């Protein structure tokens, strides 16, 4: 594990759409093994930042570093291979494929057999397919989805679809996992279980997690550090206690009842 570098660092990151500045001067220094929260009102620029970090959008200005390496000009595919994986606010699964096949798709980039080897089912193909299935089953076991391996993704309950999306993201062996509103639509029991799972995968896979979430109890209960966005700019950064007691944050976002 590193050391004196940050797993994620940005310098004055920003993007404009036409004449509108969506994000400006976004600076983050995220340590290895952190669970870090990104919060703010709707339209504050949170998902836009995820899109910048994963190169869905190219920044208008600023720099992005992953594990000390600048990735500002890398492609979506390169950034994923270098170690960033994400989930989405709206679940994106291959709904007509099984739970197992959804996770195996996430492992495809590790396969080295050729097209001919796959068509003829030669030894290297069979060996790698066996290894991929073993890894996929392990991920499903960690996420508590191993009893659903042959179920189509669309037939899973909502909370388990969320977990499956996380399992598929983990299949790419990321250094940094981005979770976009992972608790959205979950009931209190599912949310509590998700908190435990996020902490478990941080420990088990030795990764860092950056999450967007509107459930303040979830954020305050799981994150070591939080950045608050408002109108595309950083309003405050600090520990959960510092954020809870920041008068500007309370006025702009949390409110007296700490609800989104």
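Numbering (our numbering), first residue to last: 31 to 290.
Ideal placement from N, C-alpha and C gives every residue a C-beta, glycine not left out.
Predicted model, so just to flag it, every value in this text is computed and none were measured.
Which value, in whole angstroms, describes the spacing of the CA atoms of residue 133 and residue 36?
Translated into the one-based positions of the chain shown, residue 133 becomes position 103. Translated into the one-based positions of the chain shown, residue 36 becomes position 6. Their backbone Cα atoms lie some 28 angstroms apart in a straight line.
Self-check item: For residue 67, the three-state DSSP class (helix, strand or coil)
Solution: Taking the first residue of the chain shown as 1, we reach residue 67 at position 37. In this structure, residue 67 counts as strand in the three-state DSSP scheme.
Looking only at its own chain, which residues have a Cβ that is under 8 angstroms from the Cβ of residue 279, when we skip the five neighbours before and after it?
Position 249 of the chain shown holds residue 279. Excluding sequence neighbours, residue 279 sits near 258, 265, 266 and 273.
| said: If you reduce the DSSP assignment to three classes, tell me which class residue 119 lands in. | reply: As a working note, residue 119 is residue 89 in the chain shown. DSSP places residue 119 in coil when its eight states are reduced to three.
_What does the alpha-carbon distance come out to for the pair residue 112 and residue 208?_
Taking the first residue of the chain shown as position 1, residue 112 is located at position 82. Taking the first residue of the chain shown as position 1, residue 208 is located at position 178. Roughly 14 angstroms between the two C-alpha positions.
Since residue 58 and residue 39 are thought to touch, with beta carbons under 8 angstroms apart, how far apart are those beta carbons, to the nearest angstrom? Here residue 58 corresponds to residue number 28 of the chain shown, with the count starting at 1. Here residue 39 corresponds to residue number 9 of the chain shown, with the count starting at 1. Right, the Cβ-Cβ distance comes to about 7 angstroms (below 8 angstroms), so this counts as a contact.
| request: Please report the residue range of the alpha helix (DSSP H) in which residue 78 lies. | output: Counting from one through the chain shown, the residue named residue 78 turns up at place 48. Counting along the chain, the alpha helix (DSSP H) containing residue 78 begins and ends at 76-83.
| task | Look up residue 211 in the DSSP assignment and say whether it is helix, strand or coil. | result | Residue numbering aside, residue 211 sits at position 181 when the chain shown is read from its first letter. Correct three-state label for residue 211: coil.
_Assuming the contact rule is C-beta atoms closer than 8 angstroms, residue 183 and residue 170 should be a hit. Round their C-beta distance to whole Å, please._
In the chain shown, residue 183 corresponds to position 153, counting from 1. In the chain shown, residue 170 corresponds to position 140, counting from 1. Contact flag wrong, Cβ pair sits at about 12 angstroms.
Rounded Cβ spacing between residue 228 and residue 239 (contact assumed at less than 8 angstroms): Stepping through the chain shown from its first residue, residue 228 is reached at position 198. Stepping through the chain shown from its first residue, residue 239 is reached at position 209. About 6 angstroms separates the two Cβ atoms, so the contact holds.
Within its chain, find whatever has a CB closer than 6 angstroms to the CB of residue 200; leave out the 5 residues flanking it on each side and keep chain order.
Within the chain shown, residue 200 is the residue found at index 170, counting from 1. 169, listed in sequence order.
Leaving out five residues before and five after residue 211 in sequence, what residues of the same chain have Cβ atoms less than 7 angstroms from its Cβ?
Here residue 211 corresponds to residue number 181 of the chain shown, with the count starting at 1. Same-chain partners within the cutoff: 119, 242, 243 and 244.
Where does residue 32 land, buried or exposed, given buried means 16+ other C-beta within 10 angstroms? Start at 1 with the first residue of the chain shown, and residue 32 comes out as number 2. Low per-residue confidence applies at residue 32: pLDDT is 44, beneath 50, and the placement is therefore not dependable, though the value from the model is reported in the following sentence. So residue 32 ends up on the exposed side.
*Contact set for residue 42: own chain, Cβ-Cβ below 7 angstroms, skip 5 residues either direction*: Walking along the chain shown from the start, residue 42 turns up at place 12. Answer for residue 42: 55, 57, 91 and 92, listed in chain order.
| Near residue 114, which residues of its chain fall below 7 angstroms by C-beta distance, leaving aside the five closest residues on each side in sequence? | Translated into positions along the chain shown, residue 114 becomes position 84. Closer than 7 angstroms at the Cβ level, and outside the excluded window around residue 114, lie 83, 84, 96, 204, 206 and 208.
Notebook entry, point to check: If you drop the 5 nearest sequence neighbours on each side, which residues of the same chain put their C-beta closer than 8 angstroms to that of residue 130?
Noted result: In the chain shown, residue 130 corresponds to position 100, counting from 1. Excluding positions up to five away in sequence, the list reads 163, 166, 167, 170, 179 and 180.
In angstroms, rounded to a whole number, what distance separates the CA positions of residue 74 and residue 53?
If you number the chain shown from 1, residue 74 lands on position 44. If you number the chain shown from 1, residue 53 lands on position 23. Distance between the alpha carbons of residue 74 and residue 53 is about 8 angstroms.
In the DSSP assignment, what are the bridge partners of residue 254? Residue mapping note: residue 254 aligns to position 224 of the chain shown, counting from 1. DSSP lists no partner for residue 254.
Whole angstroms is fine: what's the gap from residue 172's alpha carbon to residue 222's? As a first step, residue 172 is located in the chain shown; it is residue number 142 there, counting from the start. As a first step, residue 222 is located in the chain shown; it is residue number 192 there, counting from the start. Whole-angstrom Cα-Cα distance: 16 angstroms.
Three-state secondary structure assigned by DSSP to residue 42
The sequence position of residue 42 within the chain shown is 12, counting from 1. Taken through DSSP and simplified to helix, strand or coil, residue 42 comes out as strand.
6 angstroms Cβ shell around residue 189 - same chain, five flanking residues per side excluded: What you label residue 189 is simply residue 159 of the chain shown in a count that begins at 1. So the list reads 216 and 220, once near-sequence residues are dropped.
Starting from residue 92, follow the beta strand (DSSP E) in both directions and report where the run begins and ends. Stepping through the chain shown from its first residue, residue 92 is reached at position 62. Annotation for residue 92: the continuous beta strand (DSSP E) segment containing it runs 91-96.
Within the continuous beta strand (DSSP E) that includes residue 56, where are the two ends?
Numbered from its first residue, the chain shown carries residue 56 at position 26. Here the beta strand (DSSP E) through residue 56 covers 50-60.
- Message: Counting C-beta neighbours from all protein chains within 10 Å, is the total for residue 269 16 or more, i.e. buried, or is it exposed?
- Response: Counting from 1 along the chain shown, the entry for residue 269 is found at position 239. Flag for residue 269 reads exposed.
- Message: Assuming residue 266 is part of the beta strand (DSSP E), what are its boundary residues?
- Response: One-based indexing of the chain shown puts residue 266 at position 236. That run of the beta strand (DSSP E) goes 263-268.
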